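*Asks:*
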Amino acid sequence: MRRLTERQKWAKFWFCLVLGVALLTVAGWAAIWFVWGVYVMHVFGVMEAVITPIALLFGITFTDIARKA
Numbered sequence: 148m149r150r151l152t153e154r155q156k157w158a159k160f161w162f163c164l165v166l167g168v169a170l171l172t173v174a175g176w177a178a179i180w181f182v183w184g185v186y187v188m189h190v191f192g193v194m195e196a197v198i199t200p201i202a203l204l205f206g207i208t209f210t211d212i213a214r215k216a
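First residue of the sequence shown: 148, per my numbering; consecutive thereafter.
1) So for Arg-150, helix, strand or coil by DSSP?
2) Can you tell me the Cα-Cα spacing of Ala-196 and Thr-208, whole angstroms?
3) Can you give the Cα-Cα distance for Leu-151 and Ala-202, rounded to whole angstroms?
4) Quick one, which of Ile-179, Val-187, Gly-206 has its alpha-carbon nearest Met-194's?
5) What separation, rounded to the nearest whole angstrom, lies between the Cα atoms of Arg-214 and Thr-172?
6) Buried or exposed, going by whether 16 or more other CB atoms sit within 10 Å of the CB of Phe-181?
7) Under a Cβ-count criterion, where at least 16 other Cβ atoms within 10 Å of its own Cβ denotes burial, should Leu-170 be classed as buried or exposed?
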C-alpha cells in the first residue's frame, strides 16, 4: 500500500472531520426530537430512535479517523 501525500492527508482529515461533526449534529438533533416527542407528545419516535445511535457511531468513528489522520 502506498503512502499518502501531504495534500491527501489533509483532504482525508478535513473530509472525515466535517462528515463526523455533521453526523454528530444529526445525532444530537435526533436525540432532542426523540425526547421532545416522548415527553411532550407522548409518542415514540422510531426514526429518531434508529437515527441517533447510527449517527453517533459513525460520527464518532469519522472524527476518530480525522484525529489519527
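Every residue, glycine too, gets a C-beta built ideally from N, C-alpha and C.
Please read all numbers here as calculations on a predicted model, not as lab measurements.
*Replies:* Reading from the atomic positions:
1) Counting from one through the sequence shown, the residue named residue 150 turns up at place 3. The answer is coil: DSSP assigns Arg-150 none of H, G, I, E or B.
2) Position 49 of the sequence shown, counting from 1, holds the residue named residue 196. Position 61 of the sequence shown, counting from 1, holds the residue named residue 208. Rounded to the nearest angstrom, the two C-alpha atoms are 19 angstroms apart.
3) The count along the sequence shown starts at 1 and reaches residue 151 at position 4. The count along the sequence shown starts at 1 and reaches residue 202 at position 55. Rounded to the nearest angstrom, the two C-alpha atoms are 28 angstroms apart.
4) Numbered from 1 along the sequence shown, position 47 holds the residue referred to as residue 194. Among Ile-179, Val-187, Gly-206, the Cα nearest to that of Met-194 belongs to Ile-179.
5) Mapped onto the sequence shown, residue 214 falls at position 67. Mapped onto the sequence shown, residue 172 falls at position 25. Taking the straight line from one Cα to the other gives about 18 angstroms.
6) Against the sequence shown, residue 181 aligns to sequence position 34. Buried: at least 16 other Cβ atoms inside 10 Å.
7) Along the sequence shown, one-based indexing puts residue 170 at 23. Buried, since its Cβ has 16 or more Cβ neighbours within 10 Å.
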